[in-house]
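For the sequence shown, the residue numbers in the working numbering are 1 to 443.
C-beta: ideal position from N, C-alpha, C; glycine also.
One structure below.
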Amino acid sequence: MEPLEFCDVCFQKGRPNLCETYKNTFTKIISLQFSQKSRLDKILNRLEIRPRSVDKRWTLIVGSEKRKEFLDSLWGVNVTVHTLEDHVKVMTRLYKPEVRKLGDKEQVELPSKESWEEFDPKSRDWIQLKVDTKKEKFYAHVNLGNVLKCSSFEGTTYFRTYLNTDTPMLAPMEKRAVYNIVSTISEPITAAWKPDGKDQYGFIEYEQLPNVPDEIFNVLRRLATVDKRIPDTMIFENDDFELVKTVLACIKIELAKSSETITVLTDNKSDVPIEIEGIPKERLQVMLDIIKEMSGKIEVEKDGLVISGTRGLVKVTFVDNDKSAQDGNAMRISISALEDPPRFAEILSMVRKRLGLLDLPLENMLSQHWPIISDNDLQYVIQTAISWWSSNPVLATKIIGDTEKFAKVKEWNTKIKEGKIRSTLDTITLGKIIKQKESNPSK
């Protein structure tokens with residue numbers, strides 16, 4: 001997901017220095033003057049926040065407990081920032097929570113006999129259309145003003161029905177425009193916000209939010225986090241309930257707190273080292289391969305790794321805890337960091353500096369070695385390849401990688417074309433990368 005894709009309306013009066021791309025994550029959009037940078041550095045030092053590079057962008061990740069103090073401090077140094085609260089104010093003005101009634105059913109001529117579906121405002125779902133053939137022409141009965149979806153081997157196309165001098169017609173439309181219309185013709189529904197029992201988090205299942213417009217879905221994903229233990233669910237900070245409620249209200253979804261609680265995130269986690277056999281092999285292999293490329297030597301033990309370089313050695317253990325830590329030559333790594341490229345890169349950087357290993361471009365290496373196990377892995381690999389295409393097409397093709405990774409990327413791209421899934425990624429550029437890879441399979 002590209003978080004800034006729908007900020008074009010927000011930036012009509014000028015781009016800010018910083019933008020909150022995800023909850024508590026701030027990315028630099030335009031450069032800072034020397035005086036601004038100096039003052040900002042003082043704020044970051046005081047708050048003990050260190051910038052990092054994420055997708056080649058200067059990025060700050062601020063803890064929830066420090067977010068308000070950080071934002072308040074920016075006013076005094078003349079650094080402009082576009083927060084998610086600001087983004088919600090802009091986006092919700094574009095949607096009016098009204099129910100627009102459809103017209104009567106009319107017979108409409110279709111351009112082909114492919115798979116056709118009509119949107120149902122009551123269920124907020126797509127319903128298969130019955131297509132009749134008369135004298136080698138194709139017809140279906142649909143409501144005037146409604147939107148249709150046609151799926152074929154070439155992809156998915158969208159249309160809207162209208163009346164042209166008493167004749168029902170179809171007008172082709174972009175997918176983004178169709179889903180915006182969907183929000184106006186859909187009938188109101190209720191979605192459940194399930195608390196965690198400790199007033200820390202709230203959970204909304206994807207199935208509670210059918211056919212949400214891309215702009216609105218983008219806002220929700222930027223506000224939320226995900227956890228593999230709770231599939232197909234967005235997790236929000238409890239304090240964001242009213243903000244999320246405002247977002248959903250603009251597309252006629254009422255958010256209501258449920259009496260059902262979810263407690264999986266409150267399970268106790270241990271600092272006891274996990275045996276190496278318990279670490280996902282594909283995740284661990286990324287670390288082993290990159291450290292070896294940086295000239296590091298590795299000894300694999302039952303409960304960890306011993307990594308050595310020109311400046312000594314470190315003993316690495318893995319724990320089921322959210323935080324990684326270093327104490328002298330002992331390093332404790334959260335297994336969750338092995339699934340998070342920015343955190344993984346930061347850990348590799350710490351090992352490199354501590355042991356005096358070769359100073360190689362970690363982000364480039366990480367993206368090439370990264371396996372595709374989950375959907376988040378797939379999104380990371382594809383987005384990184386796309387971001388490199390214009391400046392380094394050779395690297396972009398290497399990122400989508402070996403036979404297994406490339407097959408998964410192609411399968412995902414095919415599903416996008418067929419309309420089986422949706423994404424805000426630049427699939428046109430991805431198509432170019434796939435074509436280049438196919439023409440030069442050895443690269």
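{"Check": "Mind checking which residues open and close the alpha helix (DSSP H) that includes S64?", "Outcome": "64-75"}
{"Check": "Out of I216, P51, I290, state which residue places its alpha-carbon closest to the alpha-carbon of M91.", "Outcome": "I216"}
{"Check": "Quick check on this structure: which residue in T167, S387, W126 has the alpha carbon closest to the alpha carbon of G419?", "Outcome": "W126"}
{"Check": "Would K135 and L84 be called neighbours here (beta carbons separated by less than 8 Å)?", "Outcome": "no"}
{"Check": "Under the assumption that T429 contacts W389 (Cβ atoms under 8 Å), give the Cβ distance between them as a whole number of angstroms.", "Outcome": "5 Å"}
{"Check": "What number of angstroms, rounded off, separates the C-alpha of E106 from the C-alpha of V147?", "Outcome": "13 Å"}
{"Check": "If I181 sits next to L102, beta carbons under 8 Å apart, how far is it from one beta carbon to the other, in whole angstroms?", "Outcome": "With 8 Å as the limit, I181 and L102 do not qualify as a contact, their Cβ atoms being about 11 Å apart."}
{"Check": "What do you reckon, are the CB atoms on T397 and Q368 nearer than 8 Å?", "Outcome": "no"}
{"Check": "S367 lies in the alpha helix (DSSP H); which residues open and close that run?", "Outcome": "362-369"}
{"Check": "Just the Cα atoms here: how many angstroms apart are N268 and K28?", "Outcome": "With a pLDDT of only 49 at N268, under 50, the local geometry of the prediction cannot be trusted, and the value read off the model is given with reservation. Going from the Cα of N268 to the Cα of K28 covers about 36 Å."}
{"Check": "Apart from the five residues on each side of it in sequence, which residues of its chain come closer than 7 Å, Cβ to Cβ, to Y201?", "Outcome": "I235, F236, E237, N238, L265"}
{"Check": "Between which two residues does the alpha helix (DSSP H) holding P341 run?", "Outcome": "341-355"}
{"Check": "Relative to the C-alpha of M287, which residue among I347, D240, D320 is closest?", "Outcome": "I347"}
{"Check": "Who does F153 pair with in a DSSP beta bridge?", "Outcome": "BP columns for F153 are empty, so no partner."}
{"Check": "In the structure shown, what three-state DSSP assignment does D426 receive?", "Outcome": "coil"}
{"Check": "Apart from the five residues on each side of it in sequence, which residues of its chain come closer than 6 Å, Cβ to Cβ, to H141?", "Outcome": "K105, Q107"}
{"Check": "Grab the span of the beta strand (DSSP E) containing R332 for me, first residue to last.", "Outcome": "330-334"}
{"Check": "Would you mind reading off the limits of the alpha helix (DSSP H) that contains R176?", "Outcome": "175-185"}
{"Check": "CA-CA distance, C250 and F241?", "Outcome": "15 Å"}
{"Check": "Contact defined as beta carbons within less than 8 Å: I believe V81 pairs with F11. What is the distance between those atoms, to the nearest angstrom?", "Outcome": "That pair is no contact at about 12 Å."}
{"Check": "So does the region 293-311 actually touch the region 340-360, counting three or more Cβ pairs closer than 8 Å?", "Outcome": "yes"}
{"Check": "Can you tell me whether Q33 is buried or exposed? The criterion is at least 16 other CB atoms within 10 Å of its CB, across all chains shown.", "Outcome": "exposed"}
{"Check": "When DSSP builds the beta bridges, which residues end up paired with L338?", "Outcome": "Paired residues: none, contrary to the question."}
{"Check": "Buried or exposed for A337, going by 16 or more other Cβ atoms inside 10 Å?", "Outcome": "buried"}
{"Check": "Excluding five sequence neighbours on each side, which residues of the same chain lie with their C-beta closer than 8 Å to the C-beta of L366?", "Outcome": "V286, I290, P341, F344, A345, L348"}
{"Check": "Measure from the alpha carbon of S183 to the alpha carbon of each residue in L243, R100, K13, then state which is nearest.", "Outcome": "R100"}
{"Check": "Our contact map puts P97 next to K245 with C-beta atoms below 8 Å; I'd like the distance itself, whole angstroms only.", "Outcome": "In fact, because the Cβ distance is near 12 Å, the residues do not count as touching under 8 Å."}
{"Check": "CB-CB under 6 Å to R283, same chain, minus the five flanking residues each way: which ones, in chain order?", "Outcome": "L338"}
{"Check": "Does DSSP classify A171 as helix, strand or coil?", "Outcome": "strand"}
{"Check": "What is the DSSP secondary structure of E275, reduced to helix, strand or coil?", "Outcome": "coil"}
{"Check": "Report all residues from its chain with a CB closer than 8 Å to the CB of K56; omit the five preceding and five following residues, and keep chain order.", "Outcome": "E363, S387"}
{"Check": "Give the straight-line distance between the Cα atoms of T59 and N17, rounded to the nearest whole angstrom.", "Outcome": "12 Å"}
{"Check": "Please classify T157 as buried or exposed, where buried requires at least 16 other C-beta atoms within 10 Å of its C-beta.", "Outcome": "buried"}
{"Check": "Exposed or buried, which one is Q208 when buried takes at least 16 other CB atoms within 10 Å?", "Outcome": "buried"}
{"Check": "Got a sec? Which residues, its chain only, sit under 8 Å from D8 by beta carbon, not counting five neighbours each side?", "Outcome": "none"}
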